[in-house]
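Taking my numbering, the leading residue of the first sequence gets 1, the next gets one more, and so forth.
Just so you know, even glycine gets a beta-carbon here, dropped at the ideal spot from N, CA and C.
Working notes, beginning with the structure itself.
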Amino acid sequence: MSTNTTAPLATIASLSAYEGQVVTLRGWLYNLRSSGKLLFPTFRDGSGTIQGIVPKAAVPEDVFETLKSLTLESSLVVTGLVRADSRAPSGFELDVHDVTITQRIPDDTPYPIQLKEAGVDFLMEHRHLWIRTPRQSAILRVRATIMRAAAEYFDTHDFTRTDPPILTPNACEGTSELFEMDYFGDDKAYLTQSGQLYIEATALALGKVYSFGPTFRAEKSKTRRHLTEFWMIEPEVTYLDLDGLMDLAEGFLTHIVTRVLESHRNELKVIGKDISKLEAIIAPGHFPRLSYDEAHQMLLDAHAKGLIEHPHTYGDDFGSPDETYISNQFDKPVMVHRYPAAVKAFYMQPDPNDPTKALCVDVLAPEGYGEIIGGSQRVDSYDLLKSRIEAHNLPMDAFQWYLDLRKYGSVPHSGFGMGIERCVAWICGLEHVRETIPFARTLNRIYP
RNA sequence: UCCUGAGUAGCUCAAUGGCAGAGCAUUCGGCUGUUAACCGAAGGGUUGUAGGUUCGAGUCCUACCUCAGGAGCCA
1 MSTNTTAPLA
11 TIASLSAYEG
21 QVVTLRGWLY
31 NLRSSGKLLF
41 PTFRDGSGTI
51 QGIVPKAAVP
61 EDVFETLKSL
71 TLESSLVVTG
81 LVRADSRAPS
91 GFELDVHDVT
101 ITQRIPDDTP
111 YPIQLKEAGV
121 DFLMEHRHLW
131 IRTPRQSAIL
141 RVRATIMRAA
151 AEYFDTHDFT
161 RTDPPILTPN
171 ACEGTSELFE
181 MDYFGDDKAY
191 LTQSGQLYIE
201 ATALALGKVY
211 SFGPTFRAEK
221 SKTRRHLTEF
231 WMIEPEVTYL
241 DLDGLMDLAE
251 GFLTHIVTRV
261 LESHRNELKV
271 IGKDISKLEA
281 IIAPGHFPRL
291 SYDEAHQMLL
301 DAHAKGLIEH
311 PHTYGDDFGS
321 PDETYISNQF
331 DKPVMVHRYP
341 AAVKAFYMQP
351 DPNDPTKALC
361 VDVLAPEGYG
371 EIIGGSQRVD
381 SYDLLKSRIE
391 AHNLPMDAFQ
401 WYLDLRKYGS
411 VPHSGFGMGI
421 ERCVAWICGL
431 EHVRETIPFA
441 RTLNRIYP
């Protein structure tokens with residue numbers, strides 16, 4: 001065996017450009033079938049998979065013997081002729097000429113992940129290997145595009161990225177459970193649950209800003225929608241009202257879905273997502289906007305028809321079954337606005353037409369994926385904000401700097417936050433957010 | 001925190017209270033067009049842990065551990 005140095009290096013995803021040429025691929029043995037004196041090794045290289053063909057009579061004996069006994073997921077460099085074949089799923093096969101093994105996995109420690117089905121617990125314990133499978137790789141590629149498209153939307157709309165601290169001295173909203181840590185003895189520090197308060201400050205400095213980074217929630221939530229560590233992208237804009245905020249969210253989500261459809265139809269097919277559901281998102285027409293009162297009425301009607309189990313109580317937040325019902329009435333994400341102030345955060349501006357309501361919006365993803373965006377217009381009055389902080393029993397001294405923003409040149413401003421993982425789960429059509437991030441952190445799992 | 005469910009071979013799962021099983025993976029053998037290939041053979045077990053009931057427990061009872069799904073809360 002000798003590496004053919006004259007053959008050009010290629011990736012499996014780009015093989016259609018090399019039809020009829022001899023190329024070199026660098027990757028791993030994904031699967032191996034054989035039929036007597038004919039081997040069918042399937043290779044993967046991170047960009048895709050392709051089946052090789054190795055007739056015993058057509059290659060040197062050591063090449064045939066090496067591949068015949070090679071263990072799955074051993075790493076290798078393979079050289080061969082790219083040939084179109086109607087029997088191949090991708091349309092191409094590789095007539096293997098030569099192979100060099102980079103590392104052979106020993107027989108007594110076989111690769112643990114099989115091509116057949118496996119349980120969630122086992123796969124999560126082997127997440128560092130699970131991500132090698134085509135489906136998981138495809139999801140991570142879509143995730144990368146979603147993150148790039150999200151940042152790109154703000155970067156190309158005159159936003160400045162201003163990332164807030166991850167270590168904070170207090171709770172942002174004063175409600176969620178936070179991860180607490182010692183900060184040099186006398187002080188406690190907490191992992192951020194939102195950068196919002198900080199980007200309100202940078203917005204008042206720079207006008208249109210966004211942040212993009214990890215956030216942490218220590219709540220003992222154990223559902224398919226929850227991670228203890230997740231990524232959030234948050235825009236904050238001065239002189240923006242609630243209607244303008246909803247326009248921003250709509251343009252933002254439309255851009256993300258457009259980018260995914262532009263470059264990931266193959267990945268979506270591997271994942272099994274119904275692409276027509278995404279095409280409906282970017283079809284002409286606006287996202288539906290529904291007031292809390294209208295959504296409440298919709299739920300009462302649904303209960304009267306027996307479509308949902310429990311009647312919604314006016315004044316309460318919507319539960320998961322409620323959100324699922326509402327989102328299922330529309331093909332596009334639905335924006336529910338003006339919730340009762342009592343069930344929302346202290347920093348939300350009251351509706352001047354009905355002070356019991358907050359100028360806020362939740363964007364519910366289609367197909368029951370729940371809330372992917374939450375946002376609001378912020379309180380801009382010093383006195384009102386101060387009384388809200390008092391009413392919520394939040395430590396006033398920790399919020400002095402936040403109050404300063406209302407003391408020195410306060411302006412109306414609005415912003416929202418989108419959880420990347422819920423967005424990826426929705427766009428890919430996944431059962432659980434744990435597959436949307438390379439290494440999920442959940443209530444019962446911090447390994448690997 | 002509450003409710004529900006599951007722990008048996010490396011993996012996925014069977015097994016009326018009565019001999020611990022299969023498929024896949026691994027090893028060996030066969031097959032020149034296989035697509036999670038197929039055919040034959042071999043090796044592989046403290047049935048999550050600790051007690052209890054019983055002539056006899058993977059199976060029934062108690063406690064605990066681990067994981068999963070849901071509720072609440074959230075993105």
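The beta carbon of residue 145 is closer than 8 Å to those of 259, 260, 263, 264 in its chain, skipping five residues each way along the sequence. Secondary structure of residue 10 (DSSP, three-state): coil. One thing to note: residue 95 has its Cβ within 8 Å of the Cβ of residue 53. Per DSSP, reduced to three states, the secondary structure at residue 114 is coil, with no helix or strand assignment. Short of 8 Å from the beta carbon of residue 111, and not among the five residues preceding or following it, lie these beta carbons of its own chain, in chain order: 71, 72, 73, 105, 129. For the 8 Å CB-CB criterion, residue 335 and residue 406 do not form a contact. Assignment of beta-bridge partners to residue 354 by DSSP yields 351. Shown here, residue 87 sits in coil according to DSSP, grouped into three states, outside any helix or strand. Runs of the alpha helix (DSSP H) lying entirely within the region 220-291 and spanning at least 4 residues, in chain order: 242-263, 265-271, 275-282. Taken in chain order, the complete beta strand (DSSP E) segments of 3 residues or longer contained in the region 375-420 are 413-419. DSSP lists 53, 81 as the beta-bridge partner residues of residue 95.
In this structure, the straight-line span from the alpha carbon of residue 192 to that of residue 131 is close to 28 Å. Boundaries of the beta strand (DSSP E) around residue 365: 360-365.
Residue 31 has 42 as its beta-bridge partners, per DSSP.
When only Cα atoms are considered, residue 269 and residue 140 end up about 14 Å apart. Membership of residue 151 in any beta strand (DSSP E) is not indicated; the residue belongs instead to the alpha helix (DSSP H) covering 134-155. The residue from 358, 79, 347 with its alpha-carbon nearest to that of residue 383 is 347. Inter-segment contact for the region 16-23 and the region 35-55 is absent: fewer than three beta-carbon pairs are separated by less than 8 Å.
Note that the C-beta distance between residue 252 and residue 209 is not below 8 Å.
The criterion of a C-beta distance shorter than 8 Å is satisfied by residue 212 and residue 163. Here the alpha carbon of residue 227 sits roughly 27 Å from the alpha carbon of residue 187. One thing to note: residue 416 has its Cβ no nearer than 8 Å to the Cβ of residue 152. If you compare the alpha carbons of 325, 100, 79, 102 with that of residue 93, the shortest gap goes to 79. Nearest to residue 34 by C-alpha distance, out of 68, 12, 49, is 68. The three-state reading of DSSP puts residue 212 in strand, counting E and B together. Rounded to whole angstroms, the Cβ separation of residue 436 and residue 421 is 4 Å, and the two are in contact under 8 Å. Listed as beta-bridge partners of residue 189 by DSSP are 181. Inclusion of residue 380 and residue 412 in the CB contact set at 8 Å is warranted, their separation being smaller than that value. The alpha-carbon separation between residue 321 and residue 216 amounts to approximately 25 Å. A straight line joining the alpha-carbon of residue 31 with that of residue 118 spans about 17 Å. A direct Cα-to-Cα measurement between residue 275 and residue 66 gives close to 42 Å. Distance from the CA of residue 342 to the CA of residue 109, rounded to the nearest whole angstrom, comes to 58 Å. Cα atoms of residue 204 and residue 249: separation of roughly 20 Å, rounded to the nearest angstrom.
For residue 256, same chain residues with a beta-carbon under 8 Å away, outside a window of 5 residues either side, are 146, 149, 150, 153, 423, 427 in chain order. When secondary structure is reduced to three states using DSSP, residue 337 falls in the strand class.
Between the alpha carbons of residue 225 and residue 419 lies a gap of roughly 10 Å.
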